[in-house]
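One structure below.
Residue numbers (the working numbering): -19 to 458.
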């Protein structure tokens, strides 16, 4: 501490009073001016009780002035909102438009820092509302904070971070709320099934091979009802039931000599349903005159889908991959979510029901892509899509294939092009006969086939299996 004479201290005190009267006094400023530290100036003030009282009153006046300026700024520049250059006091602002079913929530605070924090503090019911978009802003502000040092009341600078979180919410549609409620009730009622030991699935050969079985039944078109001679042959949902289950039995029987299997891959969807709504139209709105009532077909489809998965589960754990088609995209997405909820507690069944229209599955050296085939017409794009969507899996695999539906016939992409890209693209045949529309356009008498593929973890694809349908008798060919 610098030593001053009595006369020097007296002069400094006079200058301090003069600066306080002008409203410009600060400890740090005087310490710089007189070449000493803050502690020295503070000691000079405290040496006089009268000057100490004057200094404390000066600090109170300065604090009051700062608060008045902040309040003036808040009311004069940003309406009812808090001043942006002052630390926020926690508040929640809610602006609801009931006619549009929207709400804008804004939180201002020092501790509500994320979207999740704002949703929790604002008590947003995510069963009713969905977040359409959100924005988080933050900035630093510095304010004077009062403290007591000895006999003096002092103000020092302190920095805070203000956070403003804005949420734009949209009320969920009644049908969405009803479906989500159904999914929750299904999950709560889902039967609990323990993991079945792998050796219990073993049927024929020792487990020296690691293999998976893919069962692909594309374009079932449940709900289609047609009669000969307008179609190739009679077809109905009841015939479809028996046909589908018999084909699965046939494929599993044919595959046994290649087993046991670690898992069965079951692409589900691919126009599993014929229509997508009560108006009996496709997702795009094309009327389907040969479609049964959608409501009854929807319930029928849920039962059939579960029966198919339960049958496969008797042989190996099952991975269901939901691939929405073009006839009933919304229905098949909804059915996928229903299956996800139903098998929620069954550890032998995995359901991939995310909202992507195409999906991927990797097993050892094999990488499979599943897409209905109606959206991406240029099959060359599928190889690039697979490489970009799954770069790590692409690098780890040697056999890469896309399996698509939609065409109701056996086919492939352009092999010469696809071979160069290291990707095969195959369109899988259907089980259903040609209906009147197909027959009018001569898309008839295509081979009706249920397909299965055996994938070895290290050797790649080792078998293609098929169960054939006699298009003249509707019987499985044995």
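Glycine included, C-beta positions come from ideal geometry on N, C-alpha and C.
Since the model is a prediction, treat every value here as computed from it, not as a measurement.
Exposure label - residue i; buried when at least 16 CB within 10 Å
{"i": "residue 258", "result": "exposed"}
{"i": "residue 107", "result": "exposed"}
{"i": "residue 294", "result": "exposed"}
{"i": "residue 249", "result": "buried"}
{"i": "residue 246", "result": "buried"}
{"i": "residue 279", "result": "exposed"}
{"i": "residue 376", "result": "exposed"}
{"i": "residue 361", "result": "exposed"}
{"i": "residue 323", "result": "buried"}
{"i": "residue 436", "result": "buried"}
{"i": "residue 363", "result": "buried"}
{"i": "residue 60", "result": "Per-residue confidence for residue 60 stands at a pLDDT of 44, beneath the threshold of 50, marking its modelled position as unreliable; the derived number appears in the next sentence. Flag for residue 60 reads exposed."}
{"i": "residue 20", "result": "buried"}
{"i": "residue 283", "result": "exposed"}
{"i": "residue 240", "result": "buried"}
{"i": "residue -17", "result": "exposed"}
{"i": "residue 267", "result": "exposed"}
{"i": "residue 89", "result": "buried"}
{"i": "residue 79", "result": "exposed"}
{"i": "residue 316", "result": "buried"}
{"i": "residue 273", "result": "exposed"}
{"i": "residue 33", "result": "exposed"}
{"i": "residue 381", "result": "buried"}
Beta-carbon proximity list for residue i, same chain, < 7 Å, skipping 5 on both sides
{"i": "residue 204", "result": "215, 254, 270, 271, 412 and 415"}
{"i": "residue 309", "result": "256 and 263"}
{"i": "residue 113", "result": "148"}
{"i": "residue 9", "result": "none"}
{"i": "residue 339", "result": "301, 303, 332 and 350"}
{"i": "residue 5", "result": "-4, -1 and 38"}
{"i": "residue 105", "result": "none"}
Beta-bridge pairing of residue i - partner residues as DSSP gives them
{"i": "residue 301", "result": "247 and 332"}
{"i": "residue 84", "result": "75 and 148"}
{"i": "residue 456", "result": "449"}
{"i": "residue 120", "result": "141"}
{"i": "residue 402", "result": "Per DSSP, none; premise fails for residue 402."}
{"i": "residue 206", "result": "215"}
{"i": "residue 261", "result": "267"}
{"i": "residue 434", "result": "193 and 443"}
{"i": "residue 198", "result": "410"}
{"i": "residue 113", "result": "148"}
{"i": "residue 43", "result": "Paired residues: none, contrary to the question."}
{"i": "residue 339", "result": "350"}
{"i": "residue 89", "result": "143"}
{"i": "residue 100", "result": "None; residue 100 has no bridge partner."}
{"i": "residue 291", "result": "Paired residue(s): none; residue 291 is not in a bridge."}
{"i": "residue 317", "result": "Paired residue(s): none; residue 317 is not in a bridge."}
{"i": "residue 253", "result": "202"}
{"i": "residue 429", "result": "448"}
For residue j and residue i, believed in contact at Cβ under 8 Å, the rounded distance
{"i": "residue 98", "j": "residue 147", "result": "6 Å"}
{"i": "residue 384", "j": "residue 404", "result": "Their Cβ separation, rounded to whole angstroms, is 11 Å, which puts residue 384 and residue 404 out of contact at 8 Å."}
{"i": "residue 454", "j": "residue 429", "result": "In fact, because the Cβ distance is near 14 Å, the residues do not count as touching under 8 Å."}
{"i": "residue 251", "j": "residue 306", "result": "7 Å"}
{"i": "residue 227", "j": "residue 197", "result": "6 Å"}
{"i": "residue 319", "j": "residue 285", "result": "6 Å"}
{"i": "residue 72", "j": "residue 101", "result": "7 Å"}
{"i": "residue 426", "j": "residue 409", "result": "7 Å"}
{"i": "residue 84", "j": "residue 116", "result": "With a Cβ gap of about 14 Å, residue 84 and residue 116 do not count as contacting."}
{"i": "residue 163", "j": "residue 321", "result": "4 Å"}
{"i": "residue 213", "j": "residue 451", "result": "7 Å"}
{"i": "residue 292", "j": "residue 224", "result": "Actually they are not in contact, since the Cβ atoms of residue 292 and residue 224 sit about 12 Å apart, beyond 8 Å."}
CB contact below 8 Å: residue i versus chain C
{"i": "residue 454", "result": "This model lacks chain C altogether; it includes just one protein chain."}
Chain-order list of residues whose beta-carbon lies under 6 Å from that of residue i (same chain, five-residue window excluded)
{"i": "residue 17", "result": "11"}
{"i": "residue 110", "result": "150 and 152"}
{"i": "residue 299", "result": "243, 245 and 330"}
{"i": "residue 23", "result": "none"}
{"i": "residue 443", "result": "238 and 434"}
{"i": "residue 446", "result": "429 and 431"}
{"i": "residue -15", "result": "none"}
{"i": "residue 374", "result": "367"}
{"i": "residue 201", "result": "251, 254 and 412"}
{"i": "residue 76", "result": "83"}
Nonlocal neighbours in the same chain, by C-beta distance under 8 Å from residue i, ignoring five residues either side
{"i": "residue 438", "result": "190, 344 and 345"}
{"i": "residue 477", "result": "It is not possible to answer for residue 477, since the shown part of the chain is limited to -19 through 458."}
Closer than 7 Å: residue i CB and nearest the ligand ADP heavy atom
{"i": "residue -11", "result": "With respect to small molecules bound, the structure shown includes none, and the ligand ADP cannot be examined in it."}
Item to check | Segments of 4+ residues assigned as alpha helix (DSSP H) that fall wholly inside the region 342 to 385 | outcome: 360 to 369 and 371 to 376
Item to check | Every unbroken alpha helix (DSSP H) inside the region 212 to 239 [4 residues or more] | outcome: 217 to 235
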